[in-house]
Structure formats: structure tokens, C-alpha cells
Amino acid sequence: MPLKGFFKKATSREVWLGDYDYAQLFVPKIPFMKLPRNPTPFFGLDSEMPILLGMLLGFQHALAMLAGVMTPPMIMASAANMEGELMSYLVSVSLIVSGILSSVQMARITIPLPKGRKLYIGTGLLSVVGTSFCTITTVTKGFAQLYEQGICPTAEDGTKLPCPTGYGYMLASSCVCALLEIFLAIAVPAKVLKKVFPPIVTGPVVLLIGTSLIQSGFQDWMGGSSCVDAAVCTMGKESLSKPWGSAEFLGLGFLVYATIIIAERWGSPIMKSCAVIIGLLVGCIVAAAVGYFSADNVNSARVATFMWVHTFPLKVYGPVILPFLAVYLVIMMEAIGDITATCDVSRLPVEGPDYEKRIQGGLLADGLNGLLAGLMTITPMSVLAQNNGVISITKCANRKVGYWGSFWMIIMGIFSKFSGAIASIPSPVFGGMTSFLFTSVAVSGIKIISTSGLSRRDRFVLTASLLPGMGSALVPGWFSKVFTYHGDNNALKGFLNAIILVMETGFAATGFIGVLLNLLIPQEDDEPEEVVDVEIVDGSSSVDEYKKPVN
2 MPLKGFFKKA
12 TSREVWLGDY
22 DYAQLFVPKI
32 PFMKLPRNPT
42 PFFGLDSEMP
52 ILLGMLLGFQ
62 HALAMLAGVM
72 TPPMIMASAA
82 NMEGELMSYL
92 VSVSLIVSGI
102 LSSVQMARIT
112 IPLPKGRKLY
122 IGTGLLSVVG
132 TSFCTITTVT
142 KGFAQLYEQG
152 ICPTAEDGTK
162 LPCPTGYGYM
172 LASSCVCALL
182 EIFLAIAVPA
192 KVLKKVFPPI
202 VTGPVVLLIG
212 TSLIQSGFQD
222 WMGGSSCVDA
232 AVCTMGKESL
242 SKPWGSAEFL
252 GLGFLVYATI
262 IIAERWGSPI
272 MKSCAVIIGL
282 LVGCIVAAAV
292 GYFSADNVNS
302 ARVATFMWVH
312 TFPLKVYGPV
322 ILPFLAVYLV
332 IMMEAIGDIT
342 ATCDVSRLPV
352 EGPDYEKRIQ
362 GGLLADGLNG
372 LLAGLMTITP
382 MSVLAQNNGV
392 ISITKCANRK
402 VGYWGSFWMI
412 IMGIFSKFSG
422 AIASIPSPVF
432 GGMTSFLFTS
442 VAVSGIKIIS
452 TSGLSRRDRF
462 VLTASLLPGM
472 GSALVPGWFS
482 KVFTYHGDNN
492 ALKGFLNAII
502 LVMETGFAAT
512 GFIGVLLNLL
522 IPQEDDEPEE
532 VVDVEIVDGS
542 SSVDEYKKPV
552 N
């Protein structure tokens, strides 16, 4: 093509804008008014995409991912009592690594094998990657043990000091356990994995992950999980310090919660997909106006950062290996469901050879991403489900949009003053947002459970597997005094600590028991019973009798 023709095409309206109705992305649903809505075209996986539209929709995906990506590193940094620059760094790196590994998941790299076979890395879909919520419970309980054992330092007055060493232990342990998912993705067909991990197993696990996290989110909402037992919760101006549970804290968190609902009800499509961030932004504006913000984290954050600006000593910590293996099994279960949902909203097959190749590639990339994330100083990354709602709203499943989303995530991560501002969010505002996120995780678990028929046998498996998980979520520390060994055998101590972590990490116990019972107890023909009327001999009345329906 001549240079003049190329320049003309590259600067044309079709290439940059197309004929998309941009107004519908931004115009909210104004009460009592009906605005005309033009039909939205569907953009397939590899269809042509106007540049400006790709940038906008990519930014929408980045906003939808933002809350889910930044929340886990902040909670885990708090568990390690890391503040200021280190917390800002972890948030920044989480955003950067999310962008990089999302591109790996979307690329679908093909590896040729002998006899014409192929191995795939990535789904080839608009699949985004973020820090897994599954790791939060394991990491926080692991840090509690590290402080008890003296590996993490504690001041003479009992104050827990920052523990970057313990964070390095968690990273190394997660890297080792990522090999499990890599092995299963290569060695076990997708059909077999779906049979071993059906909804009756995966649903309760996801439900308990959300349930166990709601407590910390709600504690932050009411003033902060670190000051529940303290005299006052300090944030921002000293004059604003109040006891935990004060009405001021309740009001700030409720403002975030109410704004999320309003954005969902009357917001534009781009507002709906990032309603959680809209709620967080409104809460931050009000909190800053009142004086709850402190600029310390922003001032201590670098202007720009990248991976490995801070490093952590890597060492495998034995007691968290079993819980982390459970985490990777859960990540794998979630990935299968998320990839299936992405295929569905992308108008692609959800069964057959192509679908199974996407599952295999997605799981292998998920395992590799968990390993790479650890080496990039962040806890395991896995496929996120948030973007499926964005695809449904915008009718855009184009991978170019996914790459734009990755670009925006990397940019937001590099400029670490942004992460410093996120780390400065007052606990009630942050808690209002995270409580909503964690509850949505629990609801996702309920949705997964509801997809199974729930026969009598399924209800039994569900009950038996949920029992220890629900118990550990409602009664923290219930298993901590079962073992009474206090000898010098460190290997035995580590093994017993691993069992304690599994039993007190509710979803891990539920997952193991669910898999075992699902394979052990056979499925039965459990048809619903039908109520029929049977007339009594004298004809004066009737009684109800139950019988099986006749096929």
C-alpha cells in the first residue's frame, strides 16, 4: 500500500471511532426518563475493533478488575504488619503482574508435541488474571503461626512488627505448590477434572472462601480489623479517633455500600461494571473532606516502581504446603468455571474439542501464572470472573480489548503514587468495599451449588463437607489445642502445624472431604415425589399419599 493510502486509512474515522454508539457507555439511567438505546453490535474474539473503542472498553475491564486485584495484597500486607512503601509496592506489583499475566492467558501459545499433538498455554479468550482471594485465609493464618513461633518479630510490649521474611516464606511455598496445577493441566484431561471437581464440590469451597473473608471486611467497615480490641481506632486527624463500631465508621462504610447499589440501579454500562470502584471513590471523597485521610503512604511511595524493587527471602515453610495445595485445587476449580462462563458470553462452544483445548490451555497458564507471580514477588494469580459481566454488558469479547486492559493495569501499577493513595484509604471505606466483594464471592459459591440437581445424595455430600468448613469459619481457632506435643522434633511440629492450618482453613477441609465423598458415595436415582389424593372408602374425605411418578 502506498504511504499516502496507508496514512489516509490509519487516520480514518472507521479505524479510530467506527460506528459505535459511545453515548450508551456513559449515559446513566435517569429516573422517570426513557432514553433511546441503539442496538449494540457484537465484537467477536478476533473481529476488527476501532482503536478508541478498544482503549475505552479496555479501561472499563481494568476498572472492573481493580478492586479484586488490589484487595488481596493489602490484606496480606496487613497480616504481615507491612505499611507505607512496602504496602504500596505490593499493590503496584499486583497491578503490573496482573496486566502481564493476563496477556499470557489471552495469547494462547501453542507448543507442538510428538505425533502431531499440541499443548496450549492460555485460553485465547478475553480472560483476565488477578490475585486470588483463595490465598488470603491461608496466608493470614500462616502469618499467625509465624508470629507464634517467633519467626516473625514481636516487640517487648507484644506489638507485632513487620515481617517481610514471612512473606518470602509464603511466596516460596506458593511457587512449589503451583507445580500441582501445572502437572494436572498437562497429565489429566479436562473431562476427568470436571468429573472429579463437579459443582457439588467446588460450590461449597467458594462459598466458604467468601464467608471466611466477610468477617475481616466487616471489621474494617466498623473501624479496622487491627483495632477491634483497642481503646480507639486512629486514622487521619487525631481528633477523629473513635472506638471501634462508632456511628461515624458505620456511616462511611454504608455510604460505599449504598453508592454501589445506586450505581447498579441507575448507572451507565461503564458505571455498572465498576460499581464497586464508584462506591470506593465516593467514600474516599467524603472521607478526605472530613479528614480521615493520611498522606503518609502517598509521600513514602516512589514516583514509579516495578517488580523486584523490593525482594523477599524465599524459603519453603512446611506447614502451609497442604493448605496451598488445597488453594491451587480451588484455583483450578474456579478457573474451569470462569473459562466456561467466558466461552459462553463470548458466543463460543462450551463443549467439544475446541472447548477442552481452551480449558487445558487455561489451566496450564493458570499454574504457570501462579509460579511466575511468586517469582515476581506477589501471591498466586488466577483467572477472574469479573470481566464476564463486562463482556455481557458491552457485547465485546475481543482480545484486543483485553490487551488494552492489560496495558492500563500495567500503567496504573508503574505509577506507585496511585498505589500509595489506595493504601491510604481509611479502613471503614475499604471495609465497605471489601465486604461487598467478599459477599459476592460467597454468592458465586451459592450459584455454583445451584447448578447441580441437589438429589438426596448431593444434599448429604454437601452437608457432610460443609460441616467442618462452616464450623472453622464460625469458631476460629477451634483446632489449635487438639495437639499437645511440645518436644524438640521440628519435623513433627511442622507436620502438626500443617494439619492445624488445613482444619482451621475451612475451605481446605471442605474441599478435601467433598472430593472424597463425591467419589465414594454413588449417585442414586432420586426422582421427586408426587402428591396424589386417595379417596377413603366412605367417600367422605381424602388423604394425601406420596408415590413415585410413573415414567
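Numbering of the sequence shown is given in our numbering, commencing with residue 2 and proceeding in unit increments.
We treat Cβ as the ideally placed atom computed from N, Cα and C, and that holds for glycine.
Bear in mind that the values here come from a model prediction, so they are computed numbers and not experimental data.
In the DSSP assignment, find the beta strand (DSSP E) that holds residue i and state where it starts and stops.
i    : result
Y23  : It is not in any beta strand (DSSP E) - Y23 carries neither H nor E in the DSSP assignment.
L120 : K119 to I122
V130 : V130 to T132
T111 : I110 to P113
What did DSSP end up calling residue i once you bin it into helix, strand or coil?
i    : result
P324 : helix
I215 : helix
C275 : coil
K358 : helix
K243 : strand
F44  : strand
M88  : helix
K549 : With a pLDDT of 47 at K549, under the threshold of 50, the modelled position of this residue cannot be trusted; read the value that follows with caution. Coil.
W17  : helix
Can you say whether residue i is buried or exposed, counting buried as having 16 or more other CB atoms within 10 angstroms of its CB?
i    : result
H487 : exposed
K482 : exposed
S436 : buried
L281 : buried
I112 : exposed
S48  : exposed
F325 : buried
E531 : Residue confidence for E531 is low, a pLDDT of 48 falling below 50, so the modelled location carries little weight; the figure read from the coordinates is stated next. With fewer than 16 other Cβ atoms within 10 Å, it is exposed.
G478 : exposed
W222 : buried
W245 : buried
G421 : buried
N491 : exposed
Y23  : exposed
D489 : exposed
E149 : exposed
R400 : buried
V1   : Only positions 2 to 552 of the chain appear in the structure, and residue 1 is not among them; the question remains open.
Q524 : exposed
G414 : buried
V444 : exposed
K238 : exposed
D367 : buried
Hey, quick one: how far does the alpha helix (DSSP H) through residue i stretch, first residue to last?
i    : result
E265 : A248 to W267
M471 : R457 to L475
H487 : Segment: none, H487 is in no alpha helix (DSSP H) and carries neither H nor E.
P74  : I52 to A80
T511 : G507 to L521
Shorter than 7 Å, the distance from the beta carbon of residue i to the closest heavy atom of the ligand MN, or not?
i    : result
K196 : The ligand MN is absent from the structure shown, which contains no ligands of any kind.
*asked:* Suppose only complete runs of 4+ residues qualify. What are the alpha helix (DSSP H) ranges in the region 284-346, listed by chain order?
replied: Restricted to the region 284-346, the alpha helix (DSSP H) segments that are unbroken, complete and at least 4 residues in length are 297-301 and 322-346, listed in chain order.
*What are the uninterrupted segments assigned as alpha helix (DSSP H) that are 4 or more residues long and contained completely in the region 139-202, given in chain order?*
Runs of the alpha helix (DSSP H) inside the region 139-202: 165-188 and 191-197.
*alpha helix (DSSP H) runs contained entirely in the region 371-443, provided each spans 4 or more residues*: Counting only runs of 4 or more, we get 387-395, 400-415 and 417-424.
*Does the region 388-408 come close enough to the region 54-64 that 3 or more CB-CB pairs lie under 8 Å?*
Segment contact: the region 54-64 against the region 388-408, three or more CB-CB distances shorter than 8 Å; contact assigned.
*Would you call the region 205-222 and the region 507-526 touching, i.e. three or more CB-CB distances under 8 Å?*
Judged by Cβ distances under 8 Å, the region 205-222 makes contact with the region 507-526, as three or more pairs qualify.
_Would you call the region 172-182 in contact with the region 87-104, where contact means no fewer than 3 C-beta pairs closer than 8 Å?_
Contact annotation: the region 172-182 does not touch the region 87-104, with fewer than three C-beta pairs closer than 8 Å.
*Please determine if the region 186-206 and the region 444-463 are in contact, where contact requires at least 3 C-beta pairs separated by less than 8 Å.*
The region 186-206 and the region 444-463 touch, with no fewer than 3 CB-CB distances between them shorter than 8 Å.
*Can we say the region 81-91 touches the region 296-307, given the rule of at least three CB pairs closer than 8 Å?*
Segment contact: the region 81-91 against the region 296-307, three or more CB-CB distances shorter than 8 Å; contact assigned.
*Please determine if the region 117-128 and the region 344-362 are in contact, where contact requires at least 3 C-beta pairs separated by less than 8 Å.*
Taking a cut-off of 8 Å for Cβ pairs, the region 117-128 and the region 344-362 touch, as three or more such pairs fall below it.
_When you compare the region 422-431 with the region 456-465, are there three or more beta-carbon pairs, one atom per stretch, that lie closer than 8 Å?_
These segments do not touch.
*Evaluate contact between the region 341-361 and the region 145-165, counting only Cβ atoms and requiring at least three cross-stretch pairs below 8 Å.*
No, they do not touch.
*asked:* Could you check whether the region 135-154 touches the region 496-508, counting it as contact only if at least three pairs of C-beta atoms, one from each stretch, sit closer than 8 Å?
replied: With a cut-off of 8 Å, the region 496-508 and the region 135-154 count as touching, because enough Cβ pairs lie within range.
*Flag this pair as touching only if the region 374-385 and the region 334-345 have three or more C-beta atom pairs under 8 Å; answer yes or no.*
Counting C-beta pairs with one atom in each stretch, the region 374-385 and the region 334-345 have three or more that are closer than 8 Å, which means they touch.
*Taking one C-beta from the region 100-114 and one from the region 49-59 each time, how about it: are there three or more such pairs within less than 8 Å?*
Here the region 100-114 makes no contact with the region 49-59; the two share fewer than three CB pairs at distances below 8 Å.
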